[in-house]
Structures are given as C-alpha cells and as structure tokens.
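This report concerns only the one structure given below.
Residue numbers (the UniProt record's numbering): 1 to 537.
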C-alpha cells in the first residue's frame, strides 16, 4: 500500500511539474505547448500511460490536431535506451556474440516504443543459408515489467475503490476491466508470444493482396528478443509522400475496414494495436495498395457467443433493425432480464438514426459510443470487459480511416463482409460441417445422457412422473427388451441352419445326416422367434 501511495504522489508531482492542470482550467502554464508537455509527462510516467497516449493519438476528432500530433510520437519515438545495452541483452538472450549471429547490427534504434525498441540487422549467411537476410531485432526494455506491475497494482486499487464506492461501480465493472488490461499488457512483454501471434496472422493472410505479415525466426527469438523479417514500406503517417506517389486512399481505407472485420469474424484473431506506428503501406501498385503490419504484441479473440452476438448486432444496426439490437442485448444478458424491449429499441434508435449512412468524416465513433453508453446506463447495461479491446481497435480503425479517406462509407464496406460471415456461419454447409464435427461426440454422450435422464425421472424430477408410473415404464422396457432378444436369437438360429444345410459337415453327415440337423436347428430357431413375437406388448 505504501508503494501505491508513493506512486500516486509521483503522478501528482508529474502532473504539477508539467502544468497539466491547464487541460482542466484552461489557464496557460509556461511557454512550451501543452501537447509537448502532455507527451513528455506520459513518457516520464511509463508504459501504461504511454499506451493511453497512443490510443488518444489516433483520435484527432476528439483532441486538437496539435495535441494528437504530439501524442503520435509515442507510437515509435519514445526516448530509447542505449544501443550497447540492447546489444548486451541480445547476446545474453541468444548465448552468442552479436558478430557470430549478424553480419551487421545497427545500435541506433530504428524505432523506440514504450515496451521495446527495434534495431536493424542482417543475419549471417551461414546462420540462414542466405546471403545477408535483412531482419529487425526487437529488444524488450530493461525493467519494463516491474514498472508495469506497479502501475497495474495502482489501477487495481483505484478500480476496487470505484467498484465499492461508486453508485454504478457494479455495472461498470472496473476491476474486471483492469484484469483484462493486465492480461493484455503482460502478454505483450513476452516476445515469444508476439512471434507466435505474428505467425498465426501470417498463416491467416498468406497470399492475400490486402496485407502482409513478416516471417519470424524462432531460432533467434527469446522472451525478451524477437528477430523477424524486415519489411520495406512507407509509414501510413507519411500521407503527403503517399499522395505524391498516387496511392489510392479510398482503396487503402476500404481495405483497412475489410481487414479488421475479417480478422474479427472470419479468423477470430485480430491485430489489436492498429495505431499508425504499426502500419506501413506497400506502394508497388499505388492504385491498389496493400498493408504491411508490424508489432503483434496485442491480439484479440472472442468467444463464439460474443462473436455471434456482435455479428448479429452489426447486421441489425446496418439494416436499421433496432428492435433486433434490443433483443440481442437481452438475449446475451448485457442488459437485465425484464427490460422492456420497446423502450430500449426507442433509445437505440434515438442514438443511431442520426448517424446512419453518413460518411465517416461526419461521424465520431467516440461520441457515438459515449452517447450509446449514456443511453444504455439507463437500462443498467453491464460493461463487457472482454469487448474493451475490440472497441479500442475499432476506434483505432476509425481514426485511421478518417485520416486516409474522410468520405469512407463504413457501413457500405462492412455490411457485405458481415452478411457473408453470417451465411457461412449459419448456412446449410456450416450446419452440415458442425454435425459432422460434433456428431461422434454427441453419439458418445447419448448413453450417459439417457442414464442421467432416467435417474432424474426416478427422482420424480422434470416431467412430474411418479414412482408408480416409472415402475410400469421399467416393466414395459424389460418386456420389450426380452421380446427383442427372443426374435433376434431365433432369427440367428434359422440363418445358421440354412448355412449348415448349404455348407455341410463330414462328421454330421456320417452320424446324423446334414438335412436332419439343419431341419432341427431351423425348427428350434423358428420356435424361439415365434415366442418372441407372441410376447405381450
């Protein structure tokens, strides 16, 4: 607790030293612009705060342009740690000297962010049987995990206070949100995991003209060092340069939306850190440009239930079916049972209808989501922590689309993708695939389910059947089983007699004669079968 109080005091001192109260009272403090002061304060406070600044930097519709520009420097221009220290960390992690692994290693970082920094290098030909393959070496910042854990502990304390003291703390679920964020940011500290994320995305999109993901060299990758293919593209922030090259911003924006929705719904594995510092453009064909992606520390997935409900929500929204949106919120228990569907439908229509069909330049998703949450609060909407990462990524995609092509029709671009997904997910082919996949498991479980059902009936549960009725049911089942056994055995004996008559046996022929034995067997079998058929039903 003392450490958390000390951290709060440190945050207070940083806020005071950089004059950040100007954002609250509007009174200028010092000659340095408030955008620069905010960026420098976030850099001093560490990775958790830098991540917050990165998220804000993609929203020039919310922030003044000069502040958004300054915060964009947090994406890959955070003050670096010394290059010789990066060299030592790499050597310790890989167990070899840099000169044994790389024919070239630039100690001046190519980019430096809150979690790690990146250096360019070339693998030695003997290391890869290739003449100097160009790579980047990503090195985790020393001490970054301890710094992040301290801030997470502070956030946990603040979240517990909010949940306990705020009137709507239970609905807002701040503790669950912090837990989700903690998992996300701690996963980002494992560069082996990032490499695996990259390779999964690469498999999902290999051969697609929309986006390319680099090759990862796992032989040279450890939890704090990642080596991957170096991509040559133009940063998506260099809009003037891209414009001069004749790049189609409309195609680029529409492809960005397509990639996002396909990652979320087709693959259920999406790049969840889509700020401009992590995106480059392949300009080899300016009329149909593609994306080059880097930095895969944060990815998101959804449960099948959340994925289905989100898809249906999107489609219902695109079709202005606000009643279905309201029903889906009730079905998924995002709002309490007993809520009047008509009232919630009317509230959603009030928020959605004014923005429908307008170009993205006239829409702020930030403002839209704020209004939607304000309305949902009246109906005791339960915040879904597992969707926070998706909401953040959607805002980043919107911010990127706004910068590239303000006239982007998000609805027109996304709707066909969602309709295809629903057809593939719910159509006959998908139903057959599910039956084929789950059929053996269902068949294996049927005896157990039947046994459980009978035990439940014996206890008089579920159907209101008493013990007397159950005894009669058991007697009938035993009688039916006996009847079935007699008919089956009798039929088998008749078949055996027929085979014996055809095949014959020297011993039987010598002692009894085959036809006699066959007739005897056949008669016995027929009598047994007849007894079975005569059993009372």
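Ideal placement from N, C-alpha and C gives every residue a C-beta, glycine not left out.
Taking residue 155 as the centre and dropping the five residues before and after it, the same chain places the C-beta of 178 closer than 7 Å to its C-beta, in chain order.
In this chain, the beta strand (DSSP E) harbouring residue 229 covers 225 to 229. At a cut-off of 4 residues, the continuous stretches assigned as alpha helix (DSSP H) that sit fully inside the segment 297 to 354 are 304 to 318, 322 to 331 and 341 to 352.
When secondary structure is reduced to three states using DSSP, residue 392 falls in the helix class. Residue 5 counts as exposed, since fewer than 16 other beta carbons sit within 10 angstroms of its beta carbon. With contact defined as three or more Cβ pairs closer than 8 Å, the segment 253 to 262 and the segment 393 to 403 are in contact.
Residue pairing for residue 112: DSSP places it in a beta bridge opposite 77 and 117.
The segment 16 to 72 is shown to contain whole alpha helix (DSSP H) runs of 4 or more residues at 22 to 25, 34 to 45, 47 to 57 and 65 to 72, in chain order. Here residue 287 carries a coil assignment [DSSP, helix/strand/coil].
In the DSSP assignment, residue 274 is bridged to no other residue. Residue 152 is positioned such that its CB atom lies no closer than 7 Å to that of residue 47.
In terms of CA proximity to residue 292, 277 leads the group 303, 304, 301 and 277.
Going by beta carbons, residue 120 and residue 136 fall inside the 7 Å limit.
Of all alpha-carbon atoms in 335, 392, 408 and 328, the one lying nearest the alpha-carbon of residue 356 is that of 408. Straight-line spacing of the CA atoms in residue 304 and residue 265 works out to 10 Å. Excluding residues up to 5 positions away in sequence, 418 lie with their Cβ nearer than 6 Å to the Cβ of residue 315 in the same chain. Between the beta-carbon of residue 117 and that of residue 144 there is about 11 Å, and that puts the pair past the 8 Å contact cut. Every alpha helix (DSSP H) stretch that sits fully inside the segment 117 to 204 and reaches 4 residues is listed by chain position as 125 to 128, 144 to 165, 169 to 172 and 174 to 187.
Residue nearest to residue 50 within the set 88, 247, 74 and 67 is 74 (criterion: CA-CA distance). One alpha carbon belongs to residue 80, the other to residue 109, and they sit about 7 Å apart. In this structure, DSSP gives residue 236 a state outside helix and strand, which the three-state scheme calls coil. Residue nearest to residue 95 within the set 220, 141 and 34 is 220 (criterion: CA-CA distance).
Cβ neighbours of residue 234 within its own chain (closer than 7 Å, five residues either side excluded): 241, 242, 280, 281 and 283.
Taken through DSSP and simplified to helix, strand or coil, residue 217 comes out as coil. Straight-line measurement puts the Cα of residue 25 at about 13 Å from the Cα of residue 34.
In this chain, the beta strand (DSSP E) harbouring residue 104 covers 102 to 105.
By the criterion of a C-beta distance shorter than 6 Å, residue 312 is surrounded in its chain by 328, once the five residues flanking it on both sides are discounted. Assigned with DSSP and collapsed to three states, residue 245 falls in coil, not helix or strand.
The C-alpha of residue 255 is placed about 11 Å away from the C-alpha of residue 208.
Under DSSP, residue 293 shares a beta bridge with 279. Assignment of beta-bridge partners to residue 5 by DSSP yields no partner.
Nearest C-alpha to residue 150 among 247, 274 and 8: 8.
In the DSSP annotation of this structure, the continuous segment of the alpha helix (DSSP H) that includes residue 88 starts and ends at 83 to 94. The C-beta separation of residue 198 from residue 227 comes to about 11 Å, leaving the pair out of contact by the 8 Å criterion. When the alpha-carbon of residue 424 is set against those of 405, 267 and 69, the nearest one is in 267. Its chain contains 265, 266 and 311 as the residues whose beta carbon lies nearer than 7 Å to that of residue 421, once the 5 sequence neighbours on both sides are disregarded; these appear in chain order.
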